[in-house]
Amino acid sequence: MSTVYEFSVKKINGEIQSMEDYKGKPLIIVNTASKCGFTSQFKELQELYEEHKEQGLVVLGFPSDNFNNQEFDDIEKTMEFCEINFGVTFPMFAKVDVKGGQAEPLFTYLTSQKKGMLTEGIKWNFTKFLIDREGNVVERFAPQTSPLKMSNAINDIIQ
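Residue numbering for the sequence shown follows numbering that gives the first Met the number 0, starting at 0 and increasing by one per position.
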């Protein structure tokens, strides 16, 4: 597979959505967790979304429970938590695995395109992937990297 557009993902309501629906839009794809030390990044991801959505940027959040059970079992609780505490309005999807044998194929693809510092796989919540308008993975940001520090890279792809 050559771009993110060749994948489909499950929405919160169980419907399948083609990533091709985002064709031509710059994307931030991030694995999230509601009870993580990095959870406050939801606020900055929302800020980036609001700041750049006029230029087409979309943030796509994928709740994951792969790291120390830091996500609610009930996806409705996850959504309520994100909306109430951080004002999240960007698209959130069904809970997925981002590593291991059951990993969401989209995340397997993302990690094959941009390796991490110490590992190819995702090592923690809030690993962020920046995707250009052609569906290519252009950059990977570590969990501890503040989303606002992605601004220069975002500006490069929204032109």
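Where a beta carbon is used, it is the ideal one built from N, C-alpha and C, also for glycine.
Under 9 angstroms between C-beta atoms of residue i and residue j
i           : j           : result
residue 106 : residue 30  : yes
residue 59  : residue 21  : yes
residue 134 : residue 3   : yes
residue 41  : residue 84  : yes
residue 32  : residue 154 : no
residue 97  : residue 68  : no
residue 55  : residue 104 : no
residue 50  : residue 145 : no
residue 87  : residue 112 : no
residue 13  : residue 132 : no
residue 102 : residue 129 : no
Anticipated Cβ contact below 8 angstroms, residue i with residue j, distance rounded
i           : j           : result
residue 109 : residue 28  : 6 angstroms
residue 156 : residue 92  : Not really, about 22 angstroms apart at Cβ, beyond 8 angstroms.
residue 185 : residue 114 : A question about residue 185 goes unanswered here, because the residues of the chain that appear run from 0 up to 158.
residue 18  : residue 6   : 5 angstroms
Closer than 8 angstroms: residue i CB and nearest the ligand COA heavy atom
i          : result
residue 95 : As presented, the structure is devoid of all ligands, the ligand COA included, so that no description of it is given.
Environment of residue i [buried if 16+ CB atoms lie within 10 Å]
i           : result
residue 45  : buried
residue 73  : exposed
residue 121 : buried
residue 15  : exposed
residue 94  : buried
residue 1   : exposed
residue 39  : exposed
Bridge-paired residues (DSSP) for residue i
i           : result
residue 26  : 57 and 130
residue 17  : 7
residue 136 : 130
Beta carbon proximity, residue i to chain B, threshold 9 angstroms
i          : result
residue 77 : This model lacks chain B altogether, as it is built from one protein chain only.
Secondary structure, beta strand (DSSP E): runs of 3+ residues fully inside the segment 30-115: 57-62
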